[in-house]
Amino acid sequence: MVVTAPREAPPAPGTRRVLGTPLSAVRQLTRSAGTTPGRLTVIAVGLVLLTVLTGLVGALALQQKQTTIDNLVEHREPLAAAAQQLYRSLSDADATAASAFLSGGTEPEALRSRYERDIAQAGAALAKASSDVGDDTQAQAQVQLLNQQLPVYASLVETARTNNRQGFPAGAAYLREANGLMRDKILPAANTLYRIDFVRLGAEQEDVRSFPWATVVLAVLLLAALIATQMYLTRRTNRLINIGLAVATVAVLLSLIWGTVAMLFMSGGVADGQRNGSALAEVLVRARIVTLKLRADETLTLVTRGDGPDYDGDFTKLRPEVSGDTEANLLVQAKNLASSQQVADEIQSAINNTNAYLTAHDRIRQLDKDGKYQEAVDAAIKDAPDSAATAFAKLDENLLNALNAGRQEFLNQTLTARNALTGLVPGAVVLALLAAAGITLGVAQRLREYR
Amino acid sequence: MRNRMPMAAVIVMALFLSACGSTGTLADPAPVNTVERPRPVGAAENPTATSGSAAPAPPSCPADGRASIRPTGPLPPPGQMPDGNMRTIQQRGLLKAGVDQNTFLFGFRNPNTGQLEGFDIDRVHEIAAAIFGDPNKIQYVPLASADRIEALKTGKVDVVVRTFTANCTRWADINFSAIYYVAGQRLLVDKSSTVTDLKQLGGKRVCTQTGSTSFNTLSKADPKLVVVATKTWSDCLIMLQQGQADAISTDDGILAGMAAQDPNVKLVGNRFTQEPYGIGIPKRNEDMVRFVNSVLEKSIRDGAWQASYNRWLRPSIGDASPPVPEYR
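Those protein sequence lines, which keep their order, are chains A and B. Residue 32 in numbering that gives the first Met the number 0 is what sits at position 33 of the first sequence, and the numbering runs on without skipping anything. Residue 133 in numbering that gives the first Met the number 0 is what sits at position 134 of the second sequence, and the numbering runs on without skipping anything.
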């Protein structure tokens with residue numbers, strides 16, 4: 000194997016032990032750095048350390064990305080969904096209680112069970128939404144308020160019911176009190192909680208998409224160091240290729256390319272899930288909240304018959320957010336975000352049913368204005384095909400379907416994104432070990448030549 | 000002496016345990032500092048007066064506001080209203096009536112039927128029947144006490160039949176019909192309460208409705224009360240039931256309506272004001288005042304008033320006969 004004699008002095012004592020125990024090598028550093036084998040030893044130790052560091056940082060960063068994606072799918076998105084479900088159930092419970100009151104006499108079984116389901120659903124959604132508020136004090140405050148006030152609300156509704164059954168107008172007063180509590184405290188808290196969850200979801204999506212620059216910089220440094228070492232060795236030993244170092248270089252290059260490509264795929268997938276999934280869901284949630292408010296305003300206008308807060312004025316103010324053909328209409332906005340024809344069709348149905356609902360609403364207002372109060376009430380709460388209740392039920396179902404499609408899209412895209420990282424962590428570790436081994440063997444081979 | 004060792008051990012143990020007990024303090028795992036009670040929407044403590052009677056010196060008027068405008072001639076047959084405001088209403092086909100939908104016995108929504116009912120609502124039916132021959136051609140406009148005068152001034156309603164006390168201050172802005180019922184302000188308290196007089200309620204929370212004459216009376220009470228003002232009388236009842244008010248004070252007829260909804264409250268003390276109820280009509284519509292007065296006279300004459308009183312108020316208030324109309 001030995002072809003040319005080394006030009007330098009014989010190896011310093013202790014060099015042989017260097018590769019076995021790097022610690023003792025460090026102790027020899029100062030003494031031996033002046034000699035080529037000494038310098039080579041230092042270079043080898045530095046390269047191995049840099050490889051280990053790069054591998055460690057990269058593996059940790061990737062592991063963290065995977066954990067964050069899992070968290071997105073398993074916690075963040077379900078929490079945001081639970082918070083919006085909470086809002087919807089609470090708002091529907093309130094509108095249903097008002098409808099039951101309007102229907103007069105013993106409340107219809109259908110409305111009673113709808114109210115009960117809403118309250119049960121709100122409880123379940125609240126439990127879910129509370130499960131992970133973490134140390135966000137603002138979210139904690141909302142959950143506290145909701146947990147404290149929901150039983151109070153339900154008890155007021157029951158007291159109203161008891162009084163109504165006895166024919167006492169105190170029932171209407173209890174219902175108004177319950178409604179005031181819902182509108183002034185409970186719903187705003189549920190809305191805030193949803194906003195917090197949505198912002199956290201978005202922040203985590205951004206976080207997972209951020210490029211792991213530290214790892215990349217380390218990997219590039221390592222690559223440069225490997226190449227420089229090989230050039231140095233070539234100059235010193237006149238040998239073109241050191242197999243160990245070449246293997247290490249290829250391994251590092253491979254993991255750099257693999258990691259970058261996987262990251263780009265993953266980031267793109269998460270971005271798709273954000274755009275076509277959670278962003279669509281967010282616009283739909285806003286539209287749904289507006290329609291729920293409209294329905295509540297309509298029912299309460301009939302309950303108060305104009306005496307009380309200006310619910311009808313509130314309706315007029317909110318109406319443009321779900322009507323018209325421009326992007327000012329949240330539903331049109333949502334339709335433009337839809338990623339498939341099926342979802343776009345569902346949203347188009349929501350637009351049509353919302354228009355039908357608004358037409359029914361205008362008829363109710365006209366009937367009421369003409370003194371036909373009872374007909375107005377019937378048009379609002381009975382289940383005739385052209386009643387506001389029918390149109391509203393349809394549009395709410397459309398919105399729910401579209402919302403679920405948006406959530407599904409988010410889930411699919413994000414899981415696809417997660418798959419892009421499959422095998423990357425063990426792969427990167429194996430490649431790092433390979434590189435370390437290559438460096439060690441490659442340099443050891445040269446050192447042997449000095450003996 | 001053989002006991003000494005275990006004894007010492009017990010003492011040491013006790014010291015050790017007591018030391019342990021004094022070092023840790025238990026944290027309340029879920030502290031609740033304040034409990035927010037639900038409140039009727041719009042309830043307020045000691046709000047500034049909104050009713051017209053806050054004026055410094057009330058104007059004088061005939062019979063302290065009880066005297067209305069005398070009707071001329073007999074009632075025209077239904078559907079044949081003379082020219083003027085009555086013809087306008089007939090042609091519209093609906094009587095716009097400002098009413099209450101939350102005051103038991105006077106004007107309230109019967110939760111079992113969804114219909115408005117009560118002593119005041121009967122008066123509206125009589126007027127509608129006299130105009131159209133149909134007692135149900137009515138568009139109800141529920142009004143808060145504080146909005147009654149404004150609704151008449153703007154022409155939002157043709158009449159206000161809503162436990163509306165006729166007084167000279169209000170006469171300055173609107174007209175009243177002849178008096179159809181005389182109430183008086185009293186107190187409603189919990190059955191266990193020993194209060195019988197407003198003077199015993201200094202510093203206590205007394206509920207009444209914004210924009211009512213009762214509100215003005217309570218604001219001037221001596222010693223001073225905490226006046227809790229709500230939008231409707233039912234709100235006062237539920238505040239009493241929820242322990243957020245110590246008493247309610249207003250016209251005895253309204254209080255009787257509350258007592259009828261809750262056997263655990265009682266009316267106490269004497270009447271300390273006179274509240275003659277009239278039907279409010281816009282200032283310019285004097286022809287309508289005459290018409291409505293004729294309707295009231297007819298109702299008193301043919302026993303409709305008495306039947307209505309007996310149905311709504313007699314079970315709670317006792318026997319009464321219709322007031323004698325006074326005119327200027």
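Quick reminder that beta carbons are idealized off the backbone N, C-alpha and C, glycines included.
| said: DSSP three-state label for threonine 164(B), please. | reply: Position 165 of the second sequence, counted from the start, is the residue given in the question as residue 164(B). Threonine 164(B): strand per DSSP, three-state reduction.
| message | In the DSSP output, what is lysine 265(B) paired with across the bridge? | response | Locating residue 265(B) in the second sequence gives position 266, where the first residue counts as 1. In DSSP, lysine 265(B) forms a bridge with Val188(B).
| query | Out of curiosity, what's the CA-to-CA distance linking arginine 36(B) and glycine 64(B)? | reply | Taking the second sequence and counting its residues from 1, one reaches residue 36(B) at position 37. Taking the second sequence and counting its residues from 1, one reaches residue 64(B) at position 65. Roughly 41 Å separates the two Cα atoms.
| When DSSP labels each residue in this structure, what does arginine 108(B) get in the three-state scheme? | The residue given as residue 108(B) occupies position 109 in the second sequence. Arginine 108(B): strand per DSSP, three-state reduction.
| DSSP three-state call for arginine 204(B): helix, strand or coil? | In the second sequence, residue 204(B) corresponds to position 205, counting from 1. Note: arginine 204(B) maps to strand in three-state DSSP.
| Delimiting residues of the beta strand (DSSP E) encompassing proline 275(B) | Counted from its first residue, the second sequence places residue 275(B) at position 276. Boundaries of the beta strand (DSSP E) around proline 275(B): 274-276.
| query | Do valine 207(A) and isoleucine 380(A) have their C-beta atoms within less than 7 Å of each other? | reply | Here residue 207(A) refers to the residue found at position 208 when the first sequence is read from its first residue. Here residue 380(A) refers to the residue found at position 381 when the first sequence is read from its first residue. Against a cut-off of 7 Å, the Cβ pair of isoleucine 380(A) and valine 207(A) comes out as no contact.
| Positions along the segment 105-124 of chain B whose CB lies within less than 7 Å of some CB in chain A | Phe107, Arg108, Asn109, Pro110, Asn111, Thr112, Gly113
| request: Decide if alanine 128(A) is buried, meaning its Cβ has at least 16 other Cβ atoms within 10 Å, or exposed. | output: Here the question's residue 128(A) lines up with position 129 in the first sequence. Its Cβ being crowded by 16 or more others within 10 Å, alanine 128(A) is buried.
| Beta-ladder partner(s) of glutamine 138(B), from DSSP | Position 139 of the second sequence, counted from the start, is the residue given in the question as residue 138(B). In the DSSP output, where bridge partners are listed per residue, glutamine 138(B) has Lys95(B).
| query | If we cut at 7 Å on Cβ distances, does glycine 422(A) have a partner in chain B? | reply | Position 423 of the first sequence, counting from 1, holds the residue named residue 422(A). It does not; no Cβ of chain B falls within 7 Å.
| task | Under 8 Å between beta-carbons, which chain B residues line up against phenylalanine 314(A)? List them in chain order, please. | result | Taking the first sequence and counting its residues from 1, the one referred to as residue 314(A) is at position 315. At a C-beta separation below 8 Å, phenylalanine 314(A) has no neighbours in chain B, since its nearest C-beta there lies roughly 18 Å away.
| request: Identify whether proline 12(A) lies in helix, strand or coil by the three-state DSSP scheme. | output: Looking up residue 12(A) in the first sequence gives position 13. Unreliable placement is indicated for proline 12(A), whose pLDDT of 48 sits below 50; the coordinate value is still reported in the next sentence. If DSSP states are grouped into helix, strand and coil, proline 12(A) belongs with coil.
| request: Answer with yes or no whether the minimum CB distance from arginine 208(A) to chain B is below 7 Å. | output: On the first sequence, residue 208(A) is found 209 positions in, with the first residue counted as 1. By this cut-off, arginine 208(A) is not an interface position.
| query | If you draw a straight line from the alpha carbon of glutamine 110(A) to that of aspartate 93(A), how long is it in whole angstroms? | reply | Looking up residue 110(A) in the first sequence gives position 111. Looking up residue 93(A) in the first sequence gives position 94. The question names glutamine, but residue 110(A) is leucine in the sequence shown. Taking the straight line joining both Cα atoms gives about 11 Å.
| message | Looking at the strands, I want to know which residues DSSP matches up with isoleucine 356(B). | response | Since the displayed chain B opens at 0 and closes at 327, residue 356(B) lies outside it and no answer follows.
| task | Measure the beta-carbon distance from aspartate 306(A) to proline 141(B) and round it to whole angstroms, keeping in mind my assumption that it falls under 8 Å. | result | Position 307 of the first sequence, counted from the start, is the residue given in the question as residue 306(A). Position 142 of the second sequence, counted from the start, is the residue given in the question as residue 141(B). Between the beta-carbon of aspartate 306(A) and that of proline 141(B) there is about 4 Å, and that keeps the pair under the 8 Å contact cut.
| Is the segment 178-194 of chain B in contact with the segment 253-268 of chain B, if contact means three or more CB pairs nearer than 8 Å? | Touching, yes.
| request: For the segment 178-196 of chain A, enumerate the residues whose C-beta is nearer than 7 Å to any C-beta of chain B, in chain order. | output: Gly179, Leu180
| said: Once DSSP output is grouped into helix, strand and coil, what is the label at threonine 102(B)? | reply: The sequence position of residue 102(B) within the second sequence is 103, counting from 1. Judged by DSSP in its simplified three-state form, threonine 102(B) adopts strand.
| query | Residues in its own chain within less than 7 Å of alanine 359(A) by CB, not counting five upstream and five downstream? | reply | Along the first sequence, read from residue 1 onward, the residue named residue 359(A) stands at position 360. Excluding residues within five positions, the ones whose Cβ falls inside 7 Å are Ala378, Asp385, Ser386, Ala387, Ala390.
| Which residue comes first and which comes last in the beta strand (DSSP E) that contains asparagine 174(B)? | Position 175 of the second sequence holds residue 174(B). Following the DSSP letters along the chain, one finds asparagine 174(B) inside the beta strand (DSSP E) bounded by residues 173-175.
| field | Opening and closing residue of the alpha helix (DSSP H) in which tyrosine 173(A) lies | value | Counting from 1 along the first sequence, the entry for residue 173(A) is found at position 174. Its alpha helix (DSSP H) spans residues 169-180.
| field | Beta-carbon proximity list for valine 302(A), same chain, < 7 Å, skipping 5 on both sides | value | As a working note, residue 302(A) is residue 303 in the first sequence. Excluding residues within five positions, the ones whose Cβ falls inside 7 Å are Ala97, Phe100, Leu101.
| Residue closest to alanine 81(A), alpha-carbon to alpha-carbon, out of Ala245(A), Lys316(A), Ala126(A) | Here residue 81(A) is taken as the residue at index 82 of the first sequence, counted from 1. Among Ala245(A), Lys316(A), Ala126(A), the Cα nearest to that of alanine 81(A) belongs to Ala126(A).
| said: I'd like to know whether the C-beta atoms of isoleucine 195(A) and alanine 138(A) end up nearer to each other than 7 Å. | reply: Counting from one through the first sequence, the residue named residue 195(A) turns up at place 196. Counting from one through the first sequence, the residue named residue 138(A) turns up at place 139. Yes, the Cβ-Cβ distance between isoleucine 195(A) and alanine 138(A) is below 7 Å.
| message | I believe proline 70(B) touches arginine 300(B) by the beta-carbon criterion, under 8 Å. Please report the beta-carbon distance rounded to the nearest angstrom. | response | Working through the second sequence from its first residue, we reach residue 70(B) at position 71. Working through the second sequence from its first residue, we reach residue 300(B) at position 301. So it is not a contact: roughly 12 Å between Cβ atoms.
| query | Do you know whose CA, among Gly202(B), Pro314(B), Thr249(B), Ile237(B), lies nearest threonine 216(B)'s CA? | reply | Locating residue 216(B) in the second sequence gives position 217, counting from the first residue. Of the listed residues, the one whose Cα sits closest to threonine 216(B) is Thr249(B).
| said: Give me the DSSP bridge partner(s) of valine 181(B). | reply: For the purposes of this step, residue 181(B) is taken as residue 182 along the second sequence, with counting starting at 1. Looking at the DSSP assignment, valine 181(B) forms a beta bridge with Pro275(B).
| task | Please classify serine 293(B): is it buried, with 16 or more other beta-carbons within 10 angstroms of its beta-carbon, or exposed? | result | Against the second sequence, residue 293(B) aligns to sequence position 294. With 16 or more other Cβ atoms within 10 Å, it is buried.
| Any idea if proline 81(B) is buried or exposed, counting beta-carbon neighbours within 10 angstroms, 16 or more meaning buried? | Numbered from its first residue, the second sequence carries residue 81(B) at position 82. The residue in question, proline 81(B), is exposed, as its Cβ has fewer than 16 Cβ neighbours within 10 Å.
| said: Going by C-alpha to C-alpha distance, which of Val198(A), Gly103(A), Arg182(A) sits closest to arginine 164(A)? | reply: Counted from its first residue, the first sequence places residue 164(A) at position 165. With distances taken between Cα atoms, arginine 164(A) lies closest to Gly103(A).
| request: With DSSP as the reference, please indicate the residues paired to tyrosine 326(B) in a beta bridge. | output: As a working mapping, residue 326(B) is identified with position 327 in the second sequence. Beta-bridge pairing links tyrosine 326(B) to Ser67(B).
| Could one say the Cβ of arginine 304(A) lies closer than 7 Å to chain B's Cβ atoms, at least one of them? | The sequence position of residue 304(A) within the first sequence is 305, counting from 1. Arginine 304(A) counts as touching chain B.
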